[in-house]
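In the UniProt record's numbering, the protein residues as written are 1 to 281.
Structure first, commentary second.
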């Protein structure tokens, strides 16, 4: 029965060792996943920085185009003013001297040229307006992308925090399991030490019986020590009975076994269900 109990304790210890090994592998896998999420977070942050730089560059381009637009508008205004001046000059010339009618064709050509130039400038302004609208749309799209990336970054940070908390919780459970396993090993060693001391005591009693002869039982009885009953013929050939001595009652065995090793300690309530189901084995 003692050997069966020891085997059960050894099986429980082996089971605990297997569970601790599995928990270590799971913890390592979770650490690798957390490291992978950290790398993805850094990549996302770098991408967000690149997008912010691109948005800043496009903002600078937009400001540059706005400056060019203002310059072109000023040039157009100057051209229109120049056109008005030319018209006024032409009127003045027509009023002041009729002799300059020969130059009228040239003035008409210059006027047509200026009109074409004004039309070209107006078309340029329209192109700049469409470009401005496109830049505004691109800027809003970039802002939406940046907000989406920021939201994803916050979600990744929350997920990483939750997984780190789970890893710490599992590490605490692993520490509790290791403490429980170490306590079982110490108690098993205490039981083995108690059995060894009991066996040595029986060997000393047998040596005393062999040295003192037949007068020893009476002396031991007078001192209050009870001699074990004689073995039968069947037990005389058993090497186990020669090593372990006469059979003893359960109360005598409990008196020999240390108080802290008379039962397998209860597994903590925080241990997994697979461990608590083997409590008392």
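Every residue, glycine too, gets a C-beta built ideally from N, C-alpha and C.
Length of the line joining the Cα atoms of residue i and residue j
{"i": "residue 44", "j": "residue 54", "result": "15 angstroms"}
{"i": "residue 34", "j": "residue 46", "result": "18 angstroms"}
{"i": "residue 194", "j": "residue 201", "result": "11 angstroms"}
{"i": "residue 158", "j": "residue 171", "result": "20 angstroms"}
{"i": "residue 75", "j": "residue 84", "result": "14 angstroms"}
{"i": "residue 135", "j": "residue 129", "result": "10 angstroms"}
{"i": "residue 18", "j": "residue 6", "result": "18 angstroms"}
{"i": "residue 22", "j": "residue 141", "result": "48 angstroms"}
{"i": "residue 146", "j": "residue 153", "result": "10 angstroms"}
{"i": "residue 183", "j": "residue 165", "result": "27 angstroms"}
{"i": "residue 12", "j": "residue 205", "result": "35 angstroms"}
{"i": "residue 86", "j": "residue 95", "result": "14 angstroms"}
{"i": "residue 186", "j": "residue 197", "result": "16 angstroms"}
{"i": "residue 20", "j": "residue 8", "result": "18 angstroms"}
{"i": "residue 111", "j": "residue 60", "result": "38 angstroms"}
{"i": "residue 107", "j": "residue 67", "result": "33 angstroms"}
{"i": "residue 97", "j": "residue 115", "result": "25 angstroms"}
{"i": "residue 50", "j": "residue 42", "result": "12 angstroms"}
{"i": "residue 104", "j": "residue 88", "result": "14 angstroms"}
Other residues of its chain near residue i: CB distance less than 8 angstroms, five sequence neighbours each side excluded
{"i": "residue 167", "result": "27, 30, 31, 34"}
{"i": "residue 40", "result": "156"}
{"i": "residue 125", "result": "69, 72, 73, 76"}
{"i": "residue 174", "result": "20, 23, 24, 27"}
When the options are compared against residue i, the one with the closest alpha-carbon
{"i": "residue 3", "options": "203, 192, 204, 205", "result": "192"}
{"i": "residue 169", "options": "7, 16, 24", "result": "24"}
{"i": "residue 122", "options": "13, 62, 59, 73", "result": "73"}
{"i": "residue 109", "options": "90, 207, 153", "result": "90"}
{"i": "residue 52", "options": "138, 209, 188, 198", "result": "138"}
{"i": "residue 70", "options": "18, 132, 50", "result": "132"}
{"i": "residue 38", "options": "163, 81, 21", "result": "163"}
{"i": "residue 143", "options": "82, 22, 58", "result": "58"}
{"i": "residue 120", "options": "79, 182, 20", "result": "79"}
{"i": "residue 320", "options": "206, 197, 188", "result": "Residue 320 is absent from the model: the chain starts at 1 and stops at 281."}
{"i": "residue 127", "options": "60, 16, 190, 65", "result": "65"}
{"i": "residue 82", "options": "60, 50, 118", "result": "118"}
{"i": "residue 14", "options": "106, 181, 104", "result": "181"}
Buried versus exposed, by CB contacts within 10 Å (16 or more), residue i
{"i": "residue 113", "result": "exposed"}
{"i": "residue 203", "result": "exposed"}
{"i": "residue 161", "result": "exposed"}
{"i": "residue 177", "result": "buried"}
{"i": "residue 16", "result": "buried"}
Same chain only: Cβ atoms within 6 angstroms of residue i, ignoring 5 sequence neighbours per side
{"i": "residue 149", "result": "48"}
{"i": "residue 259", "result": "Confidence at residue 259 is low in this model, with a pLDDT of 41, below 50, so its placement is unreliable and the value that follows should be read with caution. Nothing listed; no residue qualifies."}
{"i": "residue 62", "result": "135"}
- [ ] Go through the segment 129–160 residue by residue and report every complete run of the beta strand (DSSP E) that reaches 3 residues or more, in order.
- [x] none
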